[in-house]
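These notes are about the structure you will find just below.
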Amino acid sequence: MTEGAGAGGLVPGGVRKDGGPGGGGPEDAVPRVLADVRELVESTDEGSAGALWKLAESGRQLDANVVHLPPGRGVDPHAEPLLDVMLLVLGGDGTLATVDGPQRLTEGTLLWLPHGARRALTAGERGLYYLTVHRRRPGMFPHRLKGVGGGTSHARGEQWGSTPSRRAAEPAAATLDPAVSEALPRAGERPTALVKARMLFTDSRGRVLLVRLQPVGERPWGLPGGTVETGSESPRAAAVRETAEELGLDCTPGRLLSVDWVTRPDDRPRVVHVFDGGRLADHRLARIRLDEDELAEWRMCPPGEAEELLTDAGWGQLKESLAALTSGTGPVELVDGVPPGA
9 MTEGAGAGGL VPGGVRKDGG PGGGGPEDAV PRVLADVREL VESTDEGSAG
59 ALWKLAESGR QLDANVVHLP PGRGVDPHAE PLLDVMLLVL GGDGTLATVD
109 GPQRLTEGTL LWLPHGARRA LTAGERGLYY LTVHRRRPGM FPHRLKGVGG
159 GTSHARGEQW GSTPSRRAAE PAAATLDPAV SEALPRAGER PTALVKARML
209 FTDSRGRVLL VRLQPVGERP WGLPGGTVET GSESPRAAAV RETAEELGLD
259 CTPGRLLSVD WVTRPDDRPR VVHVFDGGRL ADHRLARIRL DEDELAEWRM
309 CPPGEAEELL TDAGWGQLKE SLAALTSGTG PVELVDGVPP GA
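Whatever position you read off the sequence shown (first residue = 1), add 8 for my numbering.
See the structure below:
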């Protein structure tokens, strides 16, 4: 879990676990009270962890979260590559670890966390409650660029395709100025594909790390990772960012094991890059902190169990990536998990 990533029962389009003002479209863009932060802090179970509230207004230009860390829990060392983050301590106490040494955090402390700066958070004896605010990531804004096929660029995750509920939650391209919208190319004029980055983590027993996306009933299992964001982010950088955001792990990807052209009958194709995430020791597995707004669960699976959990194409992708990892070859070229011509 990163500073701005949440866990724990967020209400899509809303702001609090127990209800509260919801999101609206651009036509509803009026000042409003979103939450009582004091109430959020005072009503939180000391043992719970994750996001107590998140900004979920449609068409917003900012992301914000109120997060609780129980005593002794923390956010592992990491560096956010793209965004500056403002962090305000709302309650409790803790420590910010930086290259210049630890800094004490108490109620009212206001922090600037510049992009690229390595840091970690640890809650003190009273736990730590804090608000984070940053601009939305470039990949989270709807856009259609001249010379590039139309469509809306969706935010993080969506590793196995977008769902109607997720697409409905994003602002539509029609919210652009009509004169600008009319001048842009239409969907279908140029082929487009989403670029994905995934990590293949193993352990000493030869098991692989699989995650299951939210909502549980609609998403299959897969390798951790997500969408490469617009701009200058590379698949390798996306693998680092997604692993930090969704698993709370700081890692350096190894070799590129496979590149898979994944087709979907109801959506754009995906170009999936699978990197060697390395072997995770037990103490690193114990540090995994899921972003529960994105992931439902994780588990270490023997290959046989992974084959049962994955789709046929997903298992083919994993099997070929494991073969490249074992043999020291690759990256292997795949189409829907199968080498061309196989």
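Positions of the beta carbon are idealized from the N, C-alpha and C atoms, including for glycine. Quick caveat, the model's predicted, so the values are computed rather than measured.
Would you identify the three-state DSSP class for residue i, choosing helix, strand or coil?
i: Q111; result: strand
i: A252; result: helix
i: V41; result: coil
i: P311; result: helix
i: D290; result: helix
i: D84; result: strand
i: D71; result: strand
i: R152; result: Because the pLDDT of R152 is 32, which lies under 50, any placement of that residue in the model is unreliable, and the number read from its coordinates should be weighed accordingly. Residue state, collapsed to three classes: coil.
i: R126; result: strand
i: A201; result: coil
i: L330; result: helix
i: G239; result: coil
i: S212; result: coil
Kindly indicate which residue of the options has the alpha-carbon position closest to the one of residue i.
i: F209; options: L136, T334, V49; result: T334
i: D290; options: R307, Q325, E300, E115; result: R307
i: D211; options: D301, G285, R144; result: G285
i: P85; options: E328, I296, G338; result: I296
i: H281; options: D301, L231, G109, C259; result: L231
i: L70; options: R40, D344, T271, R144; result: R144
i: V343; options: G324, R81, L48; result: G324
i: A294; options: E50, L42, V83, A43; result: V83
i: L218; options: L303, D258, R249, A57; result: L303
i: R40; options: G55, P347, E65, A125; result: E65
i: A125; options: G109, T117, G116; result: G109
Is the beta carbon of residue i sitting closer than 8 Å to the one on residue j?
i: V74; j: L139; result: yes
i: P310; j: R215; result: yes
i: V45; j: M94; result: no
i: A201; j: V267; result: no
i: L298; j: L255; result: yes
i: G322; j: P228; result: yes
i: G233; j: M207; result: yes
i: V236; j: A252; result: no
Does the beta-carbon of residue i have 16 or more other beta-carbons within 10 angstroms, so that it is buried, or is it exposed?
i: E341; result: exposed
i: W120; result: exposed
i: H123; result: exposed
i: Q111; result: exposed
i: L129; result: buried
i: V107; result: exposed
i: V38; result: exposed
i: G58; result: buried
i: P348; result: exposed
i: R375; result: A query on residue 375 cannot be resolved here, the shown segment of the chain reaching from 9 to 350 and no further.
> How about the stretch 97-108 and the stretch 128-145: do they share at least three Cβ pairs that are nearer than 8 Å?
Replying inline: In short, these stretches touch, since the Cβ pair count reaches three.
>> With three or more C-beta pairs closer than 8 Å as the rule, is the stretch 271-280 touching the stretch 255-263?
In response: no
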